[in-house]
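Asks:
Numbering (my numbering), first residue to last: 925 to 1307.
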């Protein structure tokens, strides 16, 4: 069986799909790394909403996907960028997602951490930004989940310099009941975050980021760095206070960062581990045995797919993540909150399908092929 896939310019190529998926099975908890998958939300395809309406979420399918991740030993990073925070999912929807997912995590013994931001306000003074963070922190802590303090568009707009970041984050860390994860999301994921930590000079921004941590090391479990810059992440990792973890958010260089070097390694909190969940879990269990090369042999081949999904404009990677979840049978449709299924081109989808199939990511390759052909037919590509 073959399928004709379009490339840029409209030329069709013939691809022969795999007949068997990669063999992976759930296993024991990880011992050498803490690993979170930032999980996507599943839209309700029958809701009569427009792209700018509040998100209509299919809660059953959304929670089922989280159970899938937990079954493979992965933690769930909830209500993060991958869940379309600020790109279809508003704070009211995120708060409901946090409550439901945290309750589900308790019922199955799953690891969960949830995003705390300021997206209930579009802009405001520093005092209003602090209050927005505090409201969300309270929701996450009341749910029993760990808090991830996300970068704030409102803070980026309100802050006059590094001292404002030090004041706001210091205030929040002093209030936090348990140690949190600090998240530095780069402007390639959200252009509104340009100049975060008070400077567009990344060296100066890094110093401010580390100053926040150094002032409150007992309140920082770890940091998540999403700058797509492996060298900078390693530098930051080596400068962290003892006991503060680095969770890589680098969807371009994650195998080498998780494997680490003679001076340390990164844990993981990654959007690409949404579609890679079972394979990523198998790779980490291989690393748990001390087999670094075996870990790299499993994970290195996935980088091509990840770089494709996260290519510029990087913020639209969520479209590819949900597309692959549909092909893999985790949901019955390819509808996204905010209408974001339209954010990537047909050639982009075709390449994503080919790369994912080549890795054996689809539990039922025939189903994935049939769904890909259905999508192609909508665009006028008949087989």
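We put the beta carbon where it would ideally sit given N, CA and C, even for glycine.
1. Which class does residue 1168 belong to by DSSP, given the choice of helix, strand or coil?
2. Along the alpha helix (DSSP H) that carries residue 958, what are the first and last residues, could you check?
3. Please classify residue 1225: does DSSP put it in a helix, a strand, or coil?
4. Where does residue 932 land, buried or exposed, given buried means 16+ other C-beta within 10 angstroms?
5. Would you list, in sequence order, the uninterrupted alpha helix (DSSP H) runs of no fewer than 4 residues that lie entirely inside the stretch 1108-1182?
6. Unbroken beta strand (DSSP E) runs of length 3 or more, entirely within the stretch 969-1047: which are they?
7. How big is the Cα-Cα spacing for residue 1187 and residue 975?
8. Using a Cβ-Cβ cut-off of 8 Å (strictly less than) and excluding sequence neighbours within five positions of residue 1201, which residues of its own chain qualify?
9. With a CB to CB cut of under 8 Å and the five nearest residues on each side skipped, what residues in its chain are close to residue 1058?
10. Taking all protein chains shown into account, do 16 or more other C-beta atoms lie within 10 angstroms of the C-beta of residue 1206, making it buried, or fewer, making it exposed?
11. Entirely within the stretch 1192-1257 and at least 4 residues each: give me those alpha helix (DSSP H) ranges in chain order.
12. Given this structure, state the Cα-to-Cα distance separating residue 1256 from residue 1022, to the nearest angstrom.
13. Can you find the residues in the same chain that come closer than 8 Å, C-beta to C-beta, to residue 1216, ignoring five residues on each side of it along the sequence?
14. Beta carbon of residue 1146, beta carbon of residue 1105: below 9 Å?
15. Within the chosen definition, does the stretch 1024-1035 reach the stretch 1064-1075 through at least 3 CB pairs nearer than 8 Å?
16. With respect to the beta strand (DSSP E) encompassing residue 930, which residues constitute its N-terminal and C-terminal limits?
17. How big is the Cα-Cα spacing for residue 1253 and residue 1164?
18. Evaluate residue 970 with the Cβ neighbour count: other Cβ atoms within 10 Å of its Cβ, from every protein chain shown; 16 or more gives buried, anything less gives exposed.
19. Which whole-angstrom value describes the C-beta separation of residue 1242 and residue 1011, a residue pair presumed to lie in contact below a C-beta threshold of 8 Å?
20. Considering only the beta carbon of each residue, do residue 1191 and residue 1170 sit closer than 9 Å?
21. On the three-state DSSP scale, how would you describe residue 1288?
22. If you draw a straight line from the alpha carbon of residue 1231 to that of residue 1282, how long is it in whole angstroms?
23. If you draw a straight line from the C-alpha of residue 1082 to the C-alpha of residue 1160, how long is it?
24. Look up residue 1057 in the DSSP assignment and say whether it is helix, strand or coil.
25. Taking 9 Å as the threshold (C-beta atoms), are residue 1088 and residue 1050 in contact?
26. In whole angstroms, what separates the C-alpha of residue 1074 from that of residue 1042?
27. With DSSP collapsed to three states, give me the class of residue 1100.
28. Should residue 925 go down as buried or exposed, given a rule of 16 or more other Cβ atoms within 10 Å for buried?
29. I need the straight-line Cα distance from residue 1223 to residue 1048, nearest angstrom please.
30. Bridge partners of residue 938, per DSSP?
31. Which one or two residues does DSSP pair with residue 1185 in a beta bridge?
32. Since residue 1062 and residue 1037 should fall inside the 8 Å C-beta cutoff, what is the C-beta to C-beta distance between them, to a whole number of angstroms?
Replies: Once the coordinates are examined:
1. coil
2. Taken as a continuous stretch (DSSP letters only), residue 958 belongs to no alpha helix (DSSP H), as it is neither H nor E.
3. helix
4. exposed
5. 1126-1139 and 1154-1163
6. 999-1002 and 1036-1040
7. 47 Å
8. 961, 992, 993, 996 and 998
9. 1096 and 1099
10. buried
11. 1201-1212, 1216-1223, 1227-1233 and 1241-1251
12. 23 Å
13. 1183
14. yes
15. yes
16. 927-930
17. 41 Å
18. exposed
19. 7 Å
20. yes
21. coil
22. 15 Å
23. 26 Å
24. helix
25. yes
26. 9 Å
27. coil
28. exposed
29. 43 Å
30. 928
31. 1188
32. Wrong, their Cβ atoms sit about 16 Å apart, outside the cutoff.
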